[in-house]
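Asks: Heads up: the sequence shown begins at 983 in my numbering, then just goes up one per residue.
Note that beta-carbon positions come from the ideal geometry of N, C-alpha and C, so glycine has one too.
In this text the structure is predicted, and so the values were computed from the model without any measurement.
Provided herewith is a single structure, encoded as structure tokens, for subsequent inquiry.
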Amino acid sequence: MKNICLMAILALTLCVGLVFGSCDRGDDDDDSGDSPFVDDDMDDDSHDDDTDDVDDDADDDSADDDDIFDPTDHVDPFIGTAIDHGQLSPAASVPFGMVRLGPDTLIRSHSGYEFAVANTTGFSHTRIDGVGSKGAGGNLKILPGLGERTGFALWMGKKTELAQPGYYAVELGADRKILAEMTATEHVGLHRYEFRTDATPHLFINFNDPFTDWIGSEWEANDASDEISGWVAAENVCGHGRYQFYFSIQFSRPFTDLREISSPRGGTNARLDFSTRRGEALLVKVGLSSVSEDEARTDRDIEVPDWDFDRVREEARQTWRKHLGVVDVEGAAGEEDLVTLFYTMLYRASHTPVNITTHSGKYRGTDGEVHEAINYRRHHCWSLWDTYRNKFALHNLLYAERSGEIMQSLVDFYIEGKVDWSTDFEPYPNVRTEHAPALLLDAHRKGIGGFDFAPAFDAILAETHPGGSPDRELEGSFDRWAIAHLAQILGEEDVYDEYIALSALYRETWVEHFRDMGPDADLIGAQGMYEGTLWQYRWAVVHDLPGIIDLDGGPEVFQGKLTQFFDEELYTAGNETDLQAPFLFNYAGAPWRTQDIVRTLLSEPINQWYGTHEKWPIPAHRPVYLAKPVGFIMNMDDDAGTMSSWFVLAALGLYPVTVGQPVYALTAPLFARAVLRLAGGDFTILAADVSSENRFIQSATLNDEDLPRAWLWHDEVASGGELVFEMGPQPNEQWGAAADQAPPGAFE
């Protein structure tokens, strides 16, 4: 009874938070009101108890393939879907696809789904995982039903829920008379419903219930009674701008009756009756397009030309298998949860931005006009305040070809009229877009092809970089540093000189606000700081780490304050403001401290004192990441894959501290063996005896040569090779500690 009451209380407080959540300056958490010290061991093992009707083994390989490693077997889409522990969804998708088809629960989170709630209002086709406020998406929601009554919600058989990469299924109704299954391609959501009764089945299609405010929608049925097409529009995250896209829905059999039902938000919804017999499947294909209804219809029929649900499901799984298979990690006995976390986090880092290009090569830009994508796929759906810190660096490393297309998308985004948040003409749900110059610089310096930033440079220079609060001054200096180096690449030396000088102005702000920490230094929001403390932003000058080390009084002083920061539990694992801080010991002569802290953050309990907007009176005590629905630490959103990317990179022992500089800080990997299958050749990371006890690097070799430094150039990884660590239970305080072995500065 205690657990039932707890879940009810948490669901209620989540609902209150969704109603009263704020939007301040960014894609903030909705502060659902959950206590940071609730029972974080709340788990539900029901997904291990699959029923005979929801076939978990339908897509197993043949016996001949039993020994082939399949990373999709180690992805659990339910991780991070409970309460305020990630704000994620088990929706079906393919990598970077427009369609995220999955359940919206009666009390819903940023991504539409709350694990603790056992009622669904239907299955919608769009969402951005864990981006705060009310999220964005939730469009085109379909709820099946039986008989005359059109329900507002249906009970979900939680023990029948099944989610895998590219697939979601659940049995619906108190008597479980409806089996709902869904899978996806890039632009198409495919539903399959089985009605286990002779009662007349129907589908209720809600065009007007997005996660944010509804703006408008129009739809029309065809004369053959087997298709509905139209468009939907809604606000973006926190009400910044709007988005609109088009759809075309086809049914595997004609509907026998259509009723228009007025929506409380405005416009109308549709109820469709069908003459399906008991046990027969009713399938629905939903095509999405940024361009038009006709393009949505065309792409729908290209990607799903028939009604073979099982084939589409298997193709989605194979797409994920190939995508995730670029990394092969080997965990020791008892580390199954760590392997599951690794591949689930890589899966989470691979949803946005999404491909909005039609098969005819068209897309609608942020200016509202239709454009042609020549020799690339245009991507959209940005949350850059979060993701610029690591996710695109992960893509540059593992998915170079896709990354080039994403960077060209940023270039065209600038040309079409990019703003810091969203315009009124976005072609898909969107969040915010600051710090894009650093992404272009990072990709260029890492040799990513397929894009040219020169045509966007005038628009980059025209961007404003708001200052005022100390954190904004530091972030603005980083942007100007990136722009300076883009100018230098283009031969614009006058612009380089101007912007490199502007990027150095952080020093006055840093000395005034961050060198000596005052009594308010551990308070979120002090001196106008955004979602962080002065302590957490102290380490933000990643473009000039030698500079702040000098300003601080030298490596020993800097190292001492960084040690104080972690010893006094001032670090926040739940937000982006200080994600790079654990790796900064590499720059100050103590890489062994990085190894110790990162291992703890990856797999062991910590005290977490900070939510998104406040410091708690009592800390949450647990691991940051768990292979459970309460997957992330309390109040921690995944923020479109940012936190997942941190886990993946840290687990590999390669972290891009300065985005825009082709350097990785090294730490001990999580696994004894990891193979990165890169375009330039396999890069293997070996740490034979690594464990929670043997967490310290004793020595290292790169391609059989002694490696005395705790960092690598990107080219040393991307060209393939072998990195070998000798591990031990005690720190080697000399390895990588010499001043001449510190990572290079990035400033000039």
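Which value, in whole angstroms, describes the spacing of the CA atoms of A1700 and G1148?
Replies: 29 Å
Asks: Give the straight-line distance between the Cα atoms of D1620 and D1180, rounded to the nearest whole angstrom.
Replies: 43 Å
Asks: Give the straight-line distance between the Cα atoms of A1670 and V1214, rounded to the nearest whole angstrom.
Replies: Whole-angstrom Cα-Cα distance: 54 Å.
Asks: How about D1560 and W1521: are their beta carbons less than 8 Å apart?
Replies: yes
Asks: One question on the structure: do T1735 and G1221 come within less than 8 Å of each other, judged by their Cβ atoms?
Replies: This structure leaves residue 1735 out entirely; the chain is present only between 983 and 1730.
Asks: A1100 to G1133, Cα distance in whole Å?
Replies: 15 Å
Asks: In three-state terms, what does DSSP make of Q1390?
Replies: Three-state result, Q1390: helix.
Asks: So what does DSSP say about M1731, is it helix, strand or coil?
Replies: Here the chain has residues from 983 to 1730 only, and residue 1731 is not among them.
Asks: In this structure, how does DSSP classify F1193 when only helix, strand and coil are distinguished?
Replies: When DSSP states are grouped into helix, strand and coil, F1193 belongs to the coil group.
Asks: In its own chain, which residues sit with a C-beta less than 7 Å from the C-beta of W1196, not counting the 5 before and 5 after it?
Replies: N1190, A1216, R1247, G1248
Asks: Could you tell me the distance, in whole angstroms, from the CA atom of S1044 to the CA atom of W1302?
Replies: Caution is warranted here: a pLDDT of 37 is assigned to S1044, below 50, making its placement in the model unreliable, and no coordinate value can be reported.
Asks: Mark H1603 as exposed unless 16 or more other C-beta atoms lie within 10 angstroms of its C-beta, in which case mark it buried.
Replies: exposed
Asks: On the DSSP letters alone, give me the boundaries of the alpha helix (DSSP H) that Y961 sits inside.
Replies: Here the chain comprises residues numbered 983 to 1730, so residue 961 is not present and cannot be evaluated.
Asks: What residue range is occupied by the uninterrupted beta strand (DSSP E) comprising A1441?
Replies: From DSSP, A1441 is part of no beta strand (DSSP E) but of the alpha helix (DSSP H) over 1439–1444.
Asks: Can we say the region 1537–1546 touches the region 1620–1638, given the rule of at least three CB pairs closer than 8 Å?
Replies: Result no; under three Cβ-Cβ pairs closer than 8 Å.
Asks: Taking DSSP's pairing of strands, which residues face A1181 in a bridge?
Replies: Per DSSP, none; premise fails for A1181.
Asks: From this set, P1448, E1586, G1623, L1516, which residue's C-alpha is nearest Y1592's C-alpha?
Replies: Residue L1516 holds the alpha-carbon nearest to the alpha-carbon of Y1592 among P1448, E1586, G1623, L1516.
Asks: Can the beta-carbon of P1059 be found less than 8 Å from the beta-carbon of P1072?
Replies: Contact annotation: P1059 and P1072 have beta-carbon atoms nearer than 8 Å.
Asks: What residue range does the alpha helix (DSSP H) around R1279 cover?
Replies: 1275–1285
Asks: Express the C-alpha separation of E1704 and L1658 in angstroms, rounding to a whole number.
Replies: 10 Å
Asks: Kindly indicate which residue of A1609, F1614, L1552 has the alpha-carbon position closest to the one of W1598.
Replies: L1552
Asks: Just reading off the beta strand (DSSP E) that E1695 is part of, what are its end residues?
Replies: As written in the sequence, residue 1695 is Trp, which differs from the Glu given in the question. Under the DSSP assignment, W1695 falls in the beta strand (DSSP E) whose first and last residues are 1693–1695.
Asks: Would Q1509 pass as a contact of H1495 if the rule is Cβ separation under 8 Å?
Replies: Cβ atoms of Q1509 and H1495: closer than 8 Å.
Asks: Could you give the residue range of the alpha helix (DSSP H) that holds R1303?
Replies: 1291–1306
Asks: In angstroms with no decimal places, state the Cα-to-Cα distance between A1483 and H1447.
Replies: 15 Å
Asks: Thinking C-alpha only, which one of T1326, R1384, V1393, E1416 is nearest D1368?
Replies: E1416
Asks: Between Y1358 and E1387, is the Cβ-Cβ spacing less than 8 Å?
Replies: yes
Asks: In angstroms with no decimal places, state the Cα-to-Cα distance between Q1146 and V1057.
Replies: 7 Å
Asks: Looking at the structure shown, is I1231 part of a helix, part of a strand, or coil, going by DSSP?
Replies: strand
Asks: Assuming G1119 and G1068 make a contact with CB atoms under 8 Å, what is their CB distance in whole Å?
Replies: Rounded, the Cβ-Cβ distance is 16 Å, inconsistent with contact.
Asks: Should R1279 be labelled buried (16 or more other beta-carbon atoms within 10 Å of its own) or exposed?
Replies: buried
Asks: Give every residue of the same chain whose Cβ lies closer than 6 Å to the Cβ of R1174, excluding the five residues on either side of it in the sequence, and list them in chain order.
Replies: Within the same chain, and ignoring the five residues on either side of R1174 in sequence, the residues whose Cβ sits closer than 6 Å to its Cβ are E1163, A1263, L1265, F1291.
Asks: Mapping DSSP to helix, strand and coil, what is G999?
Replies: The predicted model places G999 with a pLDDT of 34, which falls under 50 and marks its position as unreliable; any figure quoted below should be read in that light. G999: helix per DSSP, three-state reduction.
Asks: Shorter than 7 Å, the distance from the beta carbon of N1218 to the closest heavy atom of the ligand HEM, or not?
Replies: Annotation note on the ligand HEM: not contained in the displayed structure, which lists no ligands.
Asks: Let me check understanding here. Comparing Cα to Cα, which of T1194, E1242, R1235 lies closest to E1202?
Replies: E1242
Asks: Going straight from the alpha carbon of Q1562 to that of Y1325, what length do you get?
Replies: About 22 Å.
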